[in-house]
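Residue numbers (the working numbering): 4 to 662.
For glycine and all other residues, C-beta sits at the position ideal for the given N, C-alpha and C.
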């Protein structure tokens, strides 16, 4: 206040007589000083602890993941930056014990073993001049595996039978890397092939299991009859090698190895193409637990020098994460690990540049050469968006409350946040992975582009599908348009790469099924060609992949009458001159097709329909109109059969009909 006069005296223009100083609010000074003293003492104590080599390092920047639009549970308008609150500082504390099994395992901040480590370090600080024995070397009988515990493992080392002659084995390995190795970088090709030449698969049964599973996957792309377990069925290809690998470990005492992580990835990739794909969800959970046990999911200290073995483990972990998201969305179940638990990034470095430096690999990709691994990094980012969608749009009410998804507009906010992340992702794609590469190009980058855009289209449908059957929602019609366009885009990119390994992946077959179901749920006359493309993809793969055959059967059984109509419409549209006079029969493409349909007459009648078919036609194509009714011509009125699509997450999914 001017001249130390209070506001009231200034207003009254009188002499100020308020001489008492204003009292300070808040706690008393002694109490504050005591708190400051405690904080100072704790800070000095922490700084004196002998763990200086694990000093704070910067948190993981999302710049390594292109299109890094952070999805926040509370849906802020701008993404909050990552903050390292010190948790990871303690997560990498490893016990200095004499047992190797403990040194190889990861213990988080809440672990009791971490508490022992901290106590031991504090004791060394307080007793500087005394020799303190290492706690791990006391009473070794409690720290080493006992003979009777080791005996069972030594007696059960499997004896594998590999593809013979060796030329068949090498052929299957080459097919694996040519077809899907660039989409799921589980293995480092030079190291893997060199180990086979050296005969490691005969000496190390875990590496042998990895080789068997590579052969099992490669056999699905081989025309050699020797890959068939049952000569009468191509569905059996590779089974003789897959069945030799035992997924449940005999020993529970040893820490997981690199080869175990790898063969869990490979087993899942093979399993999801069999008649019992539901087991993949369990296998991926076990694989992720193994990776967490080794601490692969956490960022290493600053200055850590990566080895080739560690880089391969990191690759296997991230492939497991993508498979976790895939199986969770297929089954409608929860994921085994959340993105908030992962702080390690994925290195964009092709296989040939791992060994270009001595004595340690630097994992540096030449700046002027696009990396084959970039596509997988983008797929990881897409899986992050998928995980967020599953945890919000498809979660139970209790989970929504914990995320703050309440109020009238929470769904609109969530969908808007997801759309923003999707737009950022697609706009950040490098030139060699854009849609033009998938539809016009050839080679690895074209296949990767088709894979990414197929996954993108499927995720768009997944995000907007729940909104379609909510006819009272403002999102219903825009979501319907987005789903239809995404399905058409999916059909286009997959058709362009239909003869490559992309459409041989169960992922792509599932995307084709979802896209086909989406197109059949609305006015499908304009999409006959797209539906045909998708059906041809499934038809071409059903001899080797049980899932593709099941998808075909589900579509035929669910939409038999629609197929009858669409096939007839297409034939008559393309060849009207071939229609015999008076022929009003329907094509019988399915067991439920009407055998004796009731007749209809009139100059506008082109074929015969029964009562049920007529109702279905009105729902799909409109009330008796012969004109092409587009998505935008519905005046906001959605077809009744859209409930089939909107209810899919809870009433139908990939595994509902798994036997």
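With 16 other Cβ atoms within 10 Å as the buried cut-off, status of residue i
i           : result
residue 312 : exposed
residue 540 : buried
residue 616 : Confidence in residue 616 is poor, its pLDDT being 38 and thus under 50, which makes the residue's placement unreliable; the coordinate value appears in the next sentence. Residue 616 comes out buried.
residue 255 : exposed
residue 456 : buried
residue 428 : buried
residue 525 : buried
residue 42  : exposed
residue 367 : exposed
residue 169 : exposed
residue 483 : buried
residue 193 : exposed
Residue span of the alpha helix (DSSP H) that contains residue i, given as start and end
i           : result
residue 456 : 447–471
residue 327 : 311–334
residue 436 : First-last for residue 436: undefined, no H or E at that position.
residue 1   : Given a span of 4 to 662 for the chain in the structure shown, any question on residue 1 remains unanswerable.
residue 423 : 413–430
residue 263 : 261–274
residue 538 : 531–544
Cut-off 6 Å between Cβ atoms - residues of its own chain near residue i, not counting five sequence neighbours on either side
i           : result
residue 320 : 294 and 299
residue 260 : 209
residue 551 : 512, 541, 544 and 545
residue 448 : 435 and 440
Sequence-distant residues of its chain with Cβ nearer than 8 Å to residue i (five each side left out)
i           : result
residue 234 : 228
residue 415 : 477 and 478
residue 17  : none
Cα-Cα separation between residue i and residue j, rounded to whole angstroms
i           : j           : result
residue 412 : residue 556 : 39 Å
residue 189 : residue 431 : 25 Å
residue 374 : residue 454 : 16 Å
residue 494 : residue 339 : 31 Å
residue 209 : residue 199 : 13 Å
residue 175 : residue 239 : 15 Å
residue 481 : residue 530 : 19 Å
residue 406 : residue 230 : 50 Å
residue 164 : residue 514 : 35 Å
residue 246 : residue 220 : 12 Å
residue 185 : residue 418 : 32 Å
residue 317 : residue 503 : 27 Å
residue 442 : residue 506 : 14 Å
residue 369 : residue 352 : 9 Å
residue 215 : residue 201 : 16 Å
residue 224 : residue 401 : 45 Å
residue 336 : residue 354 : 34 Å
residue 182 : residue 326 : 18 Å
residue 463 : residue 162 : 47 Å
residue 420 : residue 151 : 56 Å
residue 425 : residue 45  : 46 Å
residue 485 : residue 496 : 16 Å
residue 384 : residue 39  : 44 Å
residue 491 : residue 303 : 43 Å
residue 509 : residue 537 : 14 Å
residue 423 : residue 348 : 23 Å
residue 523 : residue 534 : 8 Å
residue 167 : residue 196 : 17 Å
residue 249 : residue 372 : 40 Å
residue 409 : residue 469 : 17 Å
residue 519 : residue 279 : 23 Å
Nearest-angstrom beta carbon gap, residue j and residue i [assumed within contact, 8 Å]
i           : j           : result
residue 334 : residue 281 : 7 Å
residue 287 : residue 330 : 6 Å
residue 395 : residue 433 : In fact, because the Cβ distance is near 29 Å, the residues do not count as touching under 8 Å.
residue 243 : residue 159 : 21 Å between Cβ atoms; not a contact.
residue 323 : residue 397 : The pair is not a contact, with the Cβ atoms about 21 Å apart (cut-off 8 Å).
residue 381 : residue 436 : 7 Å
residue 516 : residue 554 : 4 Å
residue 272 : residue 187 : 7 Å
residue 269 : residue 217 : 6 Å
Beta-carbon contacts of residue i that lie in its chain and below 7 Å, excluding the five residues immediately before and after
i           : result
residue 342 : 387 and 390
residue 332 : 389, 393 and 465
residue 344 : 300
residue 499 : 441, 442 and 453
residue 222 : 175, 230, 240 and 241
is_contact[residue i, chain B] using C-beta, thresh 8 Å
i           : result
residue 226 : Considering every chain present, this structure includes no chain B. It has just one protein chain.
Check: residue i C-beta below 7 Å from any heavy atom of the ligand GDP
i           : result
residue 339 : The ligand GDP is not part of this structure, which contains no ligands at all.
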